[in-house]
Amino acid sequence: MNDSETLDKVVKREIVPYDKQADVFSIDHHDHNCVITLAQFYSERVGRFMWINDRGEVRCDGDVNDNRTFFNYYVGENEIVRFVARGGKYRNFAISLTNGELRPFHTAEPPNSDMGDPSTQFVRSRGSDFDGQLVKYQSKIDSNRYLAFDQQGNPQPLGFSNNAVTAGEFICWNVAVERETAL
Numbered sequence: 534m535n536d537s538e539t540l541d542k543v544v545k546r547e548i549v550p551y552d553k554q555a556d557v558f559s560i561d562h563h564d565h566n567c568v569i570t571l572a573q574f575y576s577e578r579v580g581r582f583m584w585i586n587d588r589g590e591v592r593c594d595g596d597v598n599d600n601r602t603f604f605n606y607y608v609g610e611n612e613i614v615r616f617v618a619r620g621g622k623y624r625n626f627a628i629s630l631t632n633g634e635l636r637p638f639h640t641a642e643p644p645n646s647d648m649g650d651p652s653t654q655f656v657r658s659r660g661s662d663f664d665g666q667l668v669k670y671q672s673k674i675d676s677n678r679y680l681a682f683d684q685q686g687n688p689q690p691l692g693f694s695n696n697a698v699t700a701g702e703f704i705c706w707n708v709a710v711e712r713e714t715a716l
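Residue numbers (the working numbering): 534 to 716.
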């Protein structure tokens, strides 16, 4: 039985107006209420979500109802962000720049510290505002690389360069987890 079947959860997805999105991204998110999903914008199947499957592969063809598409969103100094899996076999693993790799996520450093594994650190750049927020995530260690997937949802090793930034654009939604308990 997979993780999504072993959880009794009530989830409400909220589309947050653009003028309130600034609050989402400007505070440090270390509690269960700060959960997001990332829908791929550049895809043959627009609206499919980033997720980590049970083989540990980061993909962008996840189902909206699967809790493996939920990520805690950690914001540090200088708008450094990290994506940490909230559900599934790889819960508490962070996505790294290489897309196909995961790193165990630990918060030993102070909550807002800019320290830690640089391959898991991204800088958000804002795009258009519709149905959520269109954003792309640029690597902190290589400013020419973006977290990116091809049109079929497959990760691009080391991300795309800025010559194809549309492949690294996502629509970000807040998710309000009202109850999530293990059976």
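In this text, a Cβ means the ideal position worked out from N, Cα and C, and glycines have one as well. If you're wondering where the values come from, they're calculated on a predicted model, not measured in any experiment.
Please list the terminal residues of the continuous beta strand (DSSP E) segment that includes residue i.
| i | result |
| --- | --- |
| T653 | Per DSSP, T653 belongs to no beta strand (DSSP E) and is neither H nor E. |
| G595 | 591 to 595 |
| L630 | Looking at the DSSP string, L630 is not in any beta strand (DSSP E), and its letter there is neither H nor E. |
| T570 | 568 to 573 |
| R615 | 613 to 618 |
| F603 | It is not in any beta strand (DSSP E) - F603 carries neither H nor E in the DSSP assignment. |
Counting only the same chain and skipping the five closest in sequence on each side, list residues whose C-beta sits under 6 angstroms from that of residue i.
| i | result |
| --- | --- |
| T602 | T570, F582, W584, G595 |
| I628 | V591, F616 |
Mind checking residue i: buried by the 16 CB within 10 Å criterion, or exposed?
| i | result |
| --- | --- |
| G701 | buried |
| Q685 | exposed |
| V597 | exposed |
| N600 | buried |
| S676 | exposed |
| R588 | exposed |
| N605 | buried |
With a threshold of 7 angstroms between beta-carbons, can residue i be considered close to chain C, or not?
| i | result |
| --- | --- |
| N600 | Among the chains in the structure shown there is no chain C, since it carries only a single protein chain. |
Entirely enclosed beta strand (DSSP E) segments - the region 664 to 689, minimum 3 residues: If we require 3 residues or more, the beta strand (DSSP E) runs fully inside the region 664 to 689 come out as 666 to 672.
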